[in-house]
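Oh and the sequence shown: position 156 is 156 in the UniProt record's numbering, straight run, nothing missing. Structure record follows, encoded as structure tokens.
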Amino acid sequence: MISENLESIIPQLEKLTRSLFSEILRIYKDPHFKTKYKKDGSPVTDADMISHNLIIKFLKKEYPNIPIVSEESFKQTTYKPSKEFWLIDPLDGTKGFVDRSGEFTTNIALIQDGMPVLGIVGAPMLNKIWSGISKRFPNQLFKTKKTIPNYFASLEVQDKLESEMFDKVMQNKQDYLKLLKRQSKKQTKKTLRIIMSKNHQTVLDRAFLNHLNKNGHKIKIVNKGSSIKICALADKKADIYPRFGPTSEWDIAAADAVLRSNGGGIFQIENG
């Protein structure tokens, strides 16, 4: 594993991230950039691939013995090393890139013993870079491929179809109450700022907000895209980001390290 102090490699990764900005924005400003679509319907642009290639080239040169896992080259049959590897999302929020919302990011994370210990997130349109080094916790692995269960238990949903959907995920009332208490403990007399995606709000998201309103919580919605949502938590511009559905490791690994380095964390309700 990387033996040098992790703080010492952040400047070069920030420099790399800064260099990606000009390449990504050059394509962003081109009205004719190419967009392809994967089998799952998600878009891939020229910017995704240029960012991917530049990051891979740099990491292979500087850290030739550390494997790299990237969203743009990953296959289900790919062996993912468990000890140490780079995990990257060259352009998170590609839909926002295509829609020209401006909310897309580059993400580079170093995974050691199953946890993101270093993360660099860059937002080209904001000309901003977040970096962080997180602590490793015993027996806590970074696993995010499955849908998060047990988020709700006491929601009151009027629509029958929605109710049937919630019945499948509302399993443990105590788990839900623990989450709400954890996030709103210091917000009793304040507005709870909830950050949500512009592009992926679901029935579960809306039901969560309705539940908070019905139970007397003052809330304010903060709309952001890509991993900027998690970085906004690190910047203390929001209090909670609920996600009721599957995500991929490369979507949140770098931002996870940034958030942990600022005293926050990402949790699955059933195990904290």
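C-beta atoms are modelled at their ideal positions from N, C-alpha and C, and glycine is treated no differently. This one's a predicted model, so the numbers in the text were calculated from it and none came from an experiment.
Let's test the definition: count the other Cβ atoms within 10 Å of the Cβ of Arg26 and tell me whether it reaches 16, buried, or not, exposed. The residue labelled residue 26 in the question sits at position 26 within the sequence shown. It is exposed - the Cβ of Arg26 has fewer than 16 other Cβ atoms within 10 Å.
Could you check the C-alpha separation between Val258 and Gly245 for me, to the nearest Å? Position 258 of the sequence shown, counting from 1, holds the residue named residue 258. Position 245 of the sequence shown, counting from 1, holds the residue named residue 245. If you take the alpha carbons of Val258 and Gly245, they lie about 22 Å apart.
Can you round the beta-carbon distance between Gly119 and Gly102 to whole angstroms, since I take them to be within the 8 Å contact cut? Counting from 1 along the sequence shown, the entry for residue 119 is found at position 119. Counting from 1 along the sequence shown, the entry for residue 102 is found at position 102. Incorrect: roughly 21 Å between the Cβ atoms, too far for contact.
Would you tell me roughly how many angstroms separate the C-alpha atoms of Ser134 and Ser19, rounded to the nearest one? As a working note, residue 134 is residue 134 in the sequence shown. As a working note, residue 19 is residue 19 in the sequence shown. About 24 Å.
Can you tell me whether Gly122 is helix, strand or coil according to DSSP? Sequence index remark: in the sequence shown, residue 122 carries index 122 (1-based). DSSP places Gly122 in strand when its eight states are reduced to three.
Does DSSP put Gly96 in a helix, a strand or coil? The residue you call residue 96 lines up with position 96 of the sequence shown. Three-state DSSP puts Gly96 in a helix.
Lys220 versus Lys236: straight-line alpha-carbon distance, rounded: The residue you call residue 220 lines up with position 220 of the sequence shown. The residue you call residue 236 lines up with position 236 of the sequence shown. Answer to the nearest angstrom: the Cα atoms are 14 Å apart.
Closest Cα partner of Ala232 within the set Trp250, Val121, Lys214: By one-based count along the sequence shown, residue 232 stands at place 232. Ranking Trp250, Val121, Lys214 by Cα distance to Ala232 puts Val121 first.
Identified DSSP bridge partners for Ser227: Residue numbering aside, residue 227 sits at position 227 when the sequence shown is read from its first letter. DSSP, once it has assigned bridges, lists no residue as partnering Ser227.
Check whether the Cβ of Phe244 lies closer than 8 Å to any heavy atom of the ligand NAP, and answer yes or no. Here there are no bound small molecules, and the ligand NAP is not part of this structure.
Take Ser51 as the anchor and find which of Gly225, Tyr28, Arg206 has the nearest alpha-carbon. Along the sequence shown, one-based indexing puts residue 51 at 51. Closest option to Ser51, Cα to Cα, is Tyr28.
From the DSSP output, read off the bridge partner residues of Lys220. As a first step, residue 220 must be located in the sequence shown, where it is residue number 220. Bridge partners of Lys220: Arg193.
In chain order, which beta strand (DSSP E) runs of at least 3 residues are fully inside the region 11-90? 35-37, 43-45, 68-70
Let me make sure I understand the geometry here. Which of Ala255, Val203, His217, His211 has the alpha-carbon closest to that of Lys190? Taking the sequence shown and counting its residues from 1, one reaches residue 190 at position 190. Of Ala255, Val203, His217, His211, the residue nearest in Cα terms is His217.
Which of the three DSSP states is assigned to Asn107 in this structure? As a working mapping, residue 107 is identified with position 107 in the sequence shown. DSSP places Asn107 in strand when its eight states are reduced to three.
Using DSSP's beta-bridge definition, name the partner residues of Ile240. By one-based count along the sequence shown, residue 240 stands at place 240. Ile240 is bridged to Ile194.
For Asn215 and Ala207, I'd like the C-alpha separation in whole angstroms. Here residue 215 is taken as the residue at index 215 of the sequence shown, counted from 1. Here residue 207 is taken as the residue at index 207 of the sequence shown, counted from 1. Distance between the alpha carbons of Asn215 and Ala207 is about 12 Å.
Measure the CB-CB distance between Val69 and Phe85 and report whether it falls below 9 Å. Here residue 69 refers to the residue found at position 69 when the sequence shown is read from its first residue. Here residue 85 refers to the residue found at position 85 when the sequence shown is read from its first residue. Their beta carbons are under 9 Å apart, which means Val69 touches Phe85 by this criterion.
Pair within 9 Å by beta-carbon distance, Ser261 and Asp92: In the sequence shown, counting from the first residue as 1, residue 261 sits at position 261. In the sequence shown, counting from the first residue as 1, residue 92 sits at position 92. Not closer than 9 Å, so no.
Short check: CB of Pro90 to CB of Asp48, under 9 Å? Residue 90 sits at position 90 when you count from the first residue of the sequence shown. Residue 48 sits at position 48 when you count from the first residue of the sequence shown. It is a contact, given that the beta carbons lie within the stated cut-off.
Could you tell me the alpha carbon to alpha carbon distance between Val44 and Gly96, rounded to whole angstroms? As a working mapping, residue 44 is identified with position 44 in the sequence shown. As a working mapping, residue 96 is identified with position 96 in the sequence shown. Distance between the alpha carbons of Val44 and Gly96 is about 11 Å.
Where does Ser261 sit, in a helix, a strand or coil, going by DSSP? Walking along the sequence shown from the start, residue 261 turns up at place 261. Reduced to three states, the DSSP call for Ser261 is helix.
Would Gly37 be called buried (16 or more neighbouring beta carbons within 10 Å of its own) or exposed? Translated into the one-based positions of the sequence shown, residue 37 becomes position 37. According to the sequence displayed, residue 37 carries Tyr and not Gly. Tyr37 should be labelled exposed.
Just list the residues that DSSP pairs Gly132 with in beta bridges. Start at 1 with the first residue of the sequence shown, and residue 132 comes out as number 132. BP columns for Gly132 point to Gly119.
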